[in-house]
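Chemist:
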Amino acid sequence: MNTPVIGVLALQGDVREHLIALAAADAVARPVRRPEELAEVDGLVLPGGESTTISKLAVLFGVMEPLRARVRDGMPVYGTCAGMIMLADKILDPRSGQETVGGIDMIVRRNAFGRQNESFEAAVDVRGVAGDPVEGVFIRAPWVESVGADAEVLAEHDGHIVAVRQGNALATSFHPELTGDHRVHALFVDMVRANAAPESL
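No gaps in the numbering here: position 136 of the sequence shown is 696 in my numbering, and each next residue is one more.
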């Protein structure tokens with residue numbers, strides 16, 4: 561598969577920026593809102609936004625259970641900020657009624673880096689991303705309190721885990737889609753290609 565089709569969950573959050581970043585990383589990028597659209601993609605990005613709102617809308621649009629099933633079956637998925645929270649098996653301080661997709665054995669703390677007016681940028685060394693550090697944009701960002709044995713820590717900032725991978729699931733606390741640096745998205749596109757490779761043999 562040379563050009564994978566990758567969706568962006570388009571219920572709330574910075575969907576457009578992810579679509580642009582994925583296209584720049586040589587993927588066909590599509591918004592996904594409904595189960596039938598999810599069925600047509602090779603991988604999916606869960607964008608930043610408000611994790612509680614995204615969770616409730618995913619249930620409302622009937623996409624939560626199909627998404628969980630596809631993640632369990634190994635579909636590559638990448639979550640940024642709120643998307644990281646959605647991929648956590650456990651949230652330390654969930655809002656009432658908040659659900660996650662799961663997929664990464666990690667415990668995440670919501671809004672751990674502070675409120676909106678405490679947003680910041682920082683250079684982050686991300687394992688698997690060659691070259692200079694990635695410029696991380698942290699906006700009401702979570703951090704990872706702890707990971708299980710199967711989860712690999714890819715990056716830390718100020719002593720806190722901010723990027724994790726487990727199998728075909730990738731998550732970052734920060735927003736690479738806001739910087740014009742598409743290397744993290746390229747890493748994810750490569751994950752999607754690698755996942756699809758056995759089918760093409």
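Every residue gets a Cβ at the ideal spot worked out from N, C-alpha and C, and that includes glycine. Just so you know, these numbers come straight off a predicted model, no measurement behind them.
Looking at C-alpha atoms only, which residue of Val713, Ala583 and Asp574 is the closest neighbour of Gly727?
Modeler: Val713
Chemist: Using the Cα positions of Val619 and Phe673, report the straight-line distance between them to the nearest angstrom.
Modeler: 28 Å
Chemist: Considering only the beta carbon of each residue, do Val575 and Leu604 sit closer than 8 Å?
Modeler: no
Chemist: State yes or no: is the C-beta of Val704 within less than 8 Å of the C-beta of Val668?
Modeler: In this structure, the beta-carbon distance from Val704 to Val668 falls below 8 Å.
Chemist: Assign Asp602 to one of two classes, buried (16 or more other C-beta atoms within 10 Å of its C-beta) or exposed (fewer than that).
Modeler: So Asp602 counts as buried.
Chemist: Can you tell me which of the three DSSP states Ala756 falls into?
Modeler: helix
Chemist: Might you give, ordered along the chain, the residues of its own chain that have their beta carbon closer than 8 Å to the beta carbon of Asp685, omitting 5 neighbours on each side?
Modeler: Pro693, Val694 and Ala715
Chemist: Does the beta-carbon distance from Met644 to Thr732 come in below 8 Å?
Modeler: Closer than 8 Å, so yes.
Chemist: Which of the three DSSP states is assigned to Val592 in this structure?
Modeler: Secondary structure at Val592: strand, using DSSP grouped into helix, strand and coil.
Chemist: Please report the Cβ distance between His735 and Thr612, rounded to the nearest whole angstrom; I am assuming they are in contact, meaning their Cβ atoms lie under 8 Å.
Modeler: Contact flag wrong, Cβ pair sits at about 18 Å.
Chemist: Let's see if you can read the secondary structure: which residues bound the beta strand (DSSP E) around Ile580?
Modeler: Per DSSP, Ile580 belongs to no beta strand (DSSP E); it is in the alpha helix (DSSP H), Val575 to Ala584.
Chemist: Quick one: is His578 buried, meaning 16 or more other Cβ sit within 10 Å of its Cβ, or exposed?
Modeler: buried
Chemist: What are the boundary residues of the beta strand (DSSP E) that Met666 is part of?
Modeler: Ile664 to Arg669
Chemist: Looking at Asp665 and Asp649, is the spacing between their C-beta atoms short of 8 Å?
Modeler: yes
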